[in-house]
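One structure below.
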Ligand SMILES: [Ca+2]
Ligand SMILES: [Ca+2]
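In this note's numbering, the protein residues as written are 1 to 245.
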């Protein structure tokens with residue numbers, strides 16, 4: 001009876017290990033995507049920011065290009081986010097106005113996490129006009145893309161241009177992303193207003209990363225094999241004891 005109880009205990013223990021023991025593997029996946037076909041995810045739009053159908057603009061500074069008349073998404077929804085879609089950014093000085101994403105839960109992310117988006121941007125450089133990209137790491141907003149400065153010159157996109165960044169250091173369960181634009185007057189300078197341009201057009205944002213996925217522990221299989229061996233040994237001992245008696 002006692003030996004039968006031992007067999008049962010060993011079998012039950014191994015079954016328990018096999019049931020609950022797990023390990024994690026990393027699984028690459030798209031954690032967030034946005035084609036701006038609508039605003040169903042709830043972006044917050046500051047002044048001049050819009051989500052709508054891509055529309056060509058006009059009247060920009062000679063070295064700039066118009067806003068695009070077509071979006072980047074292959075499905076043809078034509079949706080983009082931008083500053084005055086189909087028009088130019090105001091040159092009236094103002095503090096930063098942002099397009100802010102909803103909270104994006106990247107708390108379970110491991111390994112490399114990459115932010116990608118497509119940009120069609122025509123903007124003067126800092127300090128006249130500041131076009132920036134920031135990410136929220138759960139505590140602070142981190143400047144990911146500073147405004148172009150005088151040495152960079154203006155940005156004048158004539159096509160959709162992909163931008164990609166390693167954001168592995170900034171992931172959190174309350175991650176957010178924002179695009180900004182501000183306009184400043186520089187006291188004492190002759191040219192106090194920025195060049196007229198269409199500013200931001202943004203499409204097809206994507207965040208790719210790795211998630212840790214729990215899977216059954218393969219080591220449980222050798223434990224099952226070991227348990228069979230132990231039970232066999234107990235059987236052998238029991239039969240030997242019976243024979244000796
Ligand atoms: Ca789109
Ligand atoms: Ca525009």
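Glycine residues also receive a C-beta, built at the ideal position from the N, C-alpha and C atoms.
On a predicted model such as this, the values are computed, not experimentally measured, just so you know.
Query	Result
Taking Cβ to Cβ, would you say residue 89 is nearer than 8 Å to residue 36?	no
Could you give the uninterrupted runs of the beta strand (DSSP E) lying entirely in the region 84–171, keeping only those of 3 residues or more?	94–100, 109–119, 129–136, 141–145 and 161–166
What whole-angstrom Cβ distance do residue 100 and residue 178 have, given they're in contact under 8 Å?	4 Å
Report yes or no: do the region 166–174 and the region 130–144 share at least 3 C-beta pairs separated by less than 8 Å?	yes
Excluding the five sequence neighbours on either side, which residues of its own chain have a C-beta within less than 8 Å of the C-beta of residue 189, listed in chain order?	none
Can you tell which of 163, 199, 40 and 209 has its C-alpha closest to the C-alpha of residue 156?	199
Closer than 6 Å by C-beta to residue 123: which residues in its own chain qualify, once you throw out the five before and the five after it? Chain order, please.	129, 131, 155, 197 and 199
I need the boundaries of the beta strand (DSSP E) containing residue 181, first residue and last residue.	176–183
Between 201, 187 and 212, which has its C-alpha nearest residue 93's C-alpha?	187
Can you tell me which residues form a DSSP beta bridge with residue 54?	BP columns for residue 54 are empty, so no partner.
When the Cα of residue 78 is compared with those of 210, 165 and 201, which residue comes out closest?	201
What's the call for residue 57, buried or exposed, on a 16-neighbour Cβ count within 10 Å?	buried
Three-state secondary structure (DSSP) at residue 202?	strand
Is residue 79 near ligand 1, judged by its Cβ being under 7 Å from some heavy atom?	yes
Using the C-alpha atoms, what's the distance from residue 75 back to residue 51?	17 Å
Is residue 71 near ligand 2, with its Cβ less than 7 Å from a heavy atom?	no
Following a CB-centred definition, is residue 84 positioned closer than 7 Å to any heavy atom of ligand 4?	What this structure holds is ligand 1 and ligand 2, not ligand 4.
Report the option in 152, 61, 180 and 25 whose CA atom is closest to the CA atom of residue 83.	180
Could you check if residue 204 is buried or exposed, using at least 16 other CB atoms within 10 Å of its CB as the buried criterion?	buried
For residue 46, is the beta carbon positioned less than 7 Å from some heavy atom of ligand 2?	no
Taking only three categories from DSSP, how would you classify residue 215?	strand
Check whether the Cβ of residue 36 lies closer than 7 Å to any heavy atom of ligand 1, and answer yes or no.	yes
Kindly indicate which three-state DSSP category residue 207 falls into: helix, strand or coil?	strand
Have a look at the DSSP bridge pairing and note the partners of residue 45.	99
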